[in-house]
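These notes are about the structure you will find just below.
Numbering (UniProt numbering), first residue to last: 1 to 154.
What follows is the structure in structure tokens.
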């Protein structure tokens, strides 16, 4: 299973190649968090693109680390396998999985729900840090104790 997951992640990381245009995700939203850490998959260009996008909206520094076992990080934070992406963030105790637009993260911090975090599964085309155009609304899920439900659609 672990080998299959890493092969799937490697194959999907190929979709990261190419430039991105995050202008559709421009926002004045600012994230006033005390701590921000991004755990990125090794060799992932779109993780770097997303980090650059996120840094434009953080009121603190973003610590980026590349763990040997990104799947272990996801398990530690309780990210369901069905919601996995190429990177995982920890922002003031909330987990944010994948290429989540800042608008959804701002909503998370505005509402402060009693959940573990939010996720945008996989690496959808046109999401922040990913090339291409958005073809349909992104469904962002709330994660809590390994369970998940729709948080917001953007």
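Just so it is clear, CB atoms sit at the ideal spot from N, CA and C, and this is done for glycine as well.
Reducing DSSP to helix, strand and coil, say where residue 32 ends up.
-> coil
Per DSSP, what kind of secondary structure is residue 151 in: helix, strand or coil?
-> strand
Taking just the CA atoms, how far does residue 88 sit from residue 106?
-> 17 Å
May I ask you to list the residues that DSSP assigns as paired with residue 105?
-> Answer by DSSP bridge pairing: none, since residue 105 is not bridged.
Selection from 154, 144, 109 that minimises the alpha carbon distance to residue 165 | Past the edges of the chain, shown from 1 to 154, lies residue 165, and the structure says nothing about it.
Boundaries of the beta strand (DSSP E) in which residue 91 is found, first to last residue | 87 to 91
Own chain partners of residue 62 with C-beta closer than 7 Å, once the 5 adjacent residues on each side are dropped | 36, 38, 51, 54, 55
Per DSSP, what kind of secondary structure is residue 110 in: helix, strand or coil?
-> helix
Tell me, please, whether the CB atom of residue 69 is closer than 9 Å to any CB atom in chain C?
-> The question asks about chain C, but that chain is absent: this structure has only one protein chain.
Simplified DSSP assignment, three categories, for residue 45 | helix
Do you know offhand how far residue 80's Cα is from residue 131's?
-> 25 Å
Buried or exposed: where does residue 137 fall if 16 or more other Cβ atoms within 10 Å of its Cβ makes it buried?
-> exposed
Determine the closest residue to residue 58 out of 73, 42, 27, 86, with distance taken between C-alpha atoms.
-> 27
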